[in-house]
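For the sequence shown, my numbering assigns the number -16 to the initial residue and increments by one for each residue that follows. All residues carry an ideal CB built from backbone N, CA and C; glycine is no exception. Quantities reported herein were computed from a predicted structural model and do not represent experimental measurements.
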Amino acid sequence: MTTVAKGLEGVVAAESAISAIENGMLFYRGIDIDTLAERSNFEEVVYLLWHGRLPKRSELDALRSALLEEARVPDDVLELLRRAPKDAHPMSVLRTAVSALALYDPEADVMTEAANIRKAVRLVAKTPTLIAAWHRLRQGKEPILETESAFTAERFLAMFHGQKPEPEAVEALDKALVLHADHEFNASTFAARVTVGTLADLYSGVVSALGALKGPLHGGANEQVMKMLEEIGTPERVEAVIRETLERKERIMGFGHRVYKQGDPRARHLKRMSERLTAKIGEPHWFQMSEAIEALVGALKGLKPNVDFYSATVYHSLGIPRDFFTPIFAMSRMAGWTAHILEQYADNRLIRPRAEYVGPKNVSYVPIEARG
Ligand code: ACO
């Protein structure tokens, strides 16, 4: 009888040199997330994840130019978005659109490292455009496809809202993108690695990852957090609603983590941003409710907020509708997924675990005419 690690808990599935979780801290290529959140920026982190070191000025400039150059999406993919049902979930639209990008990339099935890095650049560049385009199209507006900014956060907000964003909004989104960019063998990254472990192409890997990220136990939790806050409505109702939810044995979204038991190091940065930004938009009650929920869930269940909890009110403060929260997570994690796919290809072995069979045995085949 073998021991089953349900949910692969505690299983070390491969070696990786991309990100590490150690003593409750998160590191990208050996640099701690606190330093990166305070001093770095998204494009620098993308370079770091892909190449294993921080870029020189010229390398960073070159990456930013490449991202700007690759930001446009093929007309046929835009046409696909135009025809999508307006009530389709943005994560479903993004998953479908990213899959469609492969059809128009002549290098989609070219498996050299250089081609894979070019595809990674295209994906990080085009994902913000796809998300912003869908936001505008579903409101019956024309997408904005041209912006001058080579900064992902600024370009995205300009395309999404149709106006030049305030520097504080750009800074907040940039920091959120840095904090979400990679996270070791989380479910979506592992899904990407399983897919490319068969030597399927890079697009197939990120489409698998997008599917895994969508679920509410993973990236989909940020949308559910905002839904919960909106349903609670006022700080006075927090206590009753949270207690009732826990009594029904339901989960409080944005709490708990498979690896972090003493708190998620990304959450405190998002908490600070949430306090500042909710006050700035004149809706401090979202932060007050979040803090009250944090205290109550901590006291009743001993659970701490994860990355998704305070990111919800940060994105809300940036004027982003809640069903776009997970696509924004994806926009950042695209960097980590592609870094892991490159690492998987570089030293590949098919990922194929075993199952402990618990079904019936020695069952005889009954011909169809004899079945009751
Ligand atoms: N609310 C209430 N109870 C919880 C929560 C929660 N958010 N999270 C864990 N628990 C409880 C479970 O009910 C279980 O209790 P029990 O032993 O009495 O049955 C115990 O804590 C352990 O839970 P597991 O599900 O075994 O923990 P696991 O490591 O499998 O799950 C997960 C981790 C999925 C993140 C879980 O904490 C959860 O569902 N959280 C809510 C969803 C969420 O916020 N997901 C985002 C995670 S971060 C990310 O992916 C980006």
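Quick check: the Cα distance between L50 and G265, rounded to an integer number of angstroms?
The alpha-carbon atoms of L50 and G265 are separated by roughly 35 Å.
Shortest alpha-carbon distance to L200 belongs to which of T228, G239, V28, A71?
Measuring from the Cα of L200, the nearest candidate turns out to be G239.
Would you check if the distance between the CB atom of D291 and the CB atom of F312 is smaller than 9 Å?
Result yes, Cβ atoms of D291 and F312 sit closer than 9 Å.
For the region 175 to 190 and the region 316 to 335, state whether three or more C-beta atom pairs, one from each stretch, are separated by less than 8 Å.
Result yes; three or more Cβ-Cβ pairs closer than 8 Å.
Taking 8 Å as the line, does the beta carbon of G202 fall inside it for any heavy atom of the ligand ACO?
For the ligand ACO, at least one heavy atom lies less than 8 Å from the Cβ of G202.
Just verifying my parser: in three-state terms, what is the DSSP assignment at L301?
L301: coil per DSSP, three-state reduction.
Take T135 and list the residues in its own chain whose beta-carbon comes closer than 7 Å to its own, dropping the five residues that flank it on each side.
Closer than 7 Å at Cβ, skipping near neighbours: F25, E26, L50, P111, L160.
On the criterion of 16 or more Cβ atoms from any shown chain inside 10 Å, does M94 qualify as buried, or is it exposed?
Exposed, because fewer than 16 other Cβ atoms sit within 10 Å of the Cβ of M94.
Between F312 and the ligand ACO, is the CB less than 8 Å from at least one heavy atom?
Checking every heavy atom of the ligand ACO against the Cβ of F312, one is found closer than 8 Å.
So which of V107, L(-9), A91, A54 has the shortest CA-CA distance to L32?
Selected option, being the one with the closest Cα: V107.
Which parts of the region 52 to 114 are runs of the alpha helix (DSSP H), unbroken and 4 residues or longer, counting only runs that do not cross its ends?
Counting only runs of 4 or more, we get 58 to 66, 73 to 86.
Is it the case that the CB of V189 approaches a heavy atom of the ligand ACO more closely than 8 Å?
Answer for V189: no, Cβ out of range of the ligand ACO.
Out of curiosity, what's the CA-to-CA distance linking F168 and A3?
Spanning the two alpha carbons is a distance of roughly 9 Å.
Note down, in chain order, each residue of its chain lying with its Cβ closer than 8 Å to the Cβ of W320, except the 5 sequence neighbours on either side.
Correct list, in chain order: S171, T172, A175, G188, V189, A192.
How about V290: is its Cβ closer than 8 Å to a heavy atom in the ligand ACO?
For the ligand ACO, at least one heavy atom lies less than 8 Å from the Cβ of V290.
Is there at least one non-hydrogen atom of the ligand ACO closer than 8 Å to the beta-carbon of P248?
No, the Cβ of P248 stays beyond 8 Å of every heavy atom of the ligand ACO.
Tell me which same chain residues have a C-beta within less than 8 Å of the C-beta of E77, skipping the five on either side of it?
At residue 77 the sequence reads Leu, which differs from the Glu that was named. Counting only Cβ-Cβ distances below 8 Å, and skipping sequence neighbours, we find T110, L113, I114, W117, L193, P310, A313.
How far does the alpha helix (DSSP H) with M256 in it reach, from first residue to last?
Segment 250 to 263, the alpha helix (DSSP H) holding M256.
Is DSSP giving D44 helix, strand or coil here?
The answer is helix: DSSP assigns D44 an H, G or I state.
What separation, rounded to the nearest whole angstrom, lies between the Cα atoms of A155 and Y293?
Rounded to the nearest angstrom, the two C-alpha atoms are 12 Å apart.
Identify, in the order they occur along the chain, each residue of the same chain with its Cβ nearer than 8 Å to the Cβ of K158, setting aside the five sequence neighbours on each side.
A20, H252, M256.
Classify G237: buried if its beta carbon has 16 or more other beta carbons within 10 angstroms, exposed otherwise.
Label assigned to G237: buried.
Output the distance between the C-alpha atoms of A75 and S347, rounded to the nearest integer angstrom.
According to the sequence as given, residue 75 is Ser; it is not Ala. Approximately 42 Å between the Cα atoms of the pair.
Starting from the C-beta of E227, find all residues in its chain whose C-beta is less than 8 Å away, skip the five residues before and the five after it, and write them out in chain order.
None.
Quick test of the definition: if touching needs 3 or more C-beta pairs under 8 Å, does the region 274 to 293 touch the region 57 to 73?
Flag = no, the region 274 to 293 and the region 57 to 73 do not touch.
Who does L9 pair with in a DSSP beta bridge?
Beta-bridge pairing links L9 to I4.
Compare the beta carbon distance of E151 and K263 with 9 Å and say whether it is the shorter of the two.
Yes, they are a contact pair.
Count the other C-beta atoms from every protein chain shown that fall within 10 angstroms of the C-beta of S48, then say buried if there are 16 or more, exposed otherwise.
Answer is exposed; the Cβ neighbour count stays below 16.
Looking at the ligand ACO, does it come within less than 8 Å of R226, judged from the CB to the closest heavy atom?
No, the ligand ACO has no heavy atom inside 8 Å of this Cβ.
Under a CB-based cut-off of 9 Å, is M256 close to chain B?
Of the chains in the structure shown, none is chain B; there is only one protein chain.
When the Cα atoms are used, what is the spatial distance from G246 to D15?
Each residue's alpha carbon lies about 15 Å from the other.
Take E(-8) as the anchor and find which of G145, R316, R241, Y340 has the nearest alpha-carbon.
Of the candidates G145, R316, R241, Y340, the one whose C-alpha sits nearest the C-alpha of E(-8) is R241.
Residues in its own chain within less than 6 Å of I351 by CB, not counting five upstream and five downstream?
Same-chain partners within the cutoff: there are none.
List the DSSP bridge partners of D15.
Answer is F10, bridged to D15.
To the nearest whole angstrom, what separates the beta carbons of A85 and D184, a pair I think is in contact under 8 Å?
Yes, they are in contact, since the Cβ atoms of A85 and D184 sit about 7 Å apart, within 8 Å.
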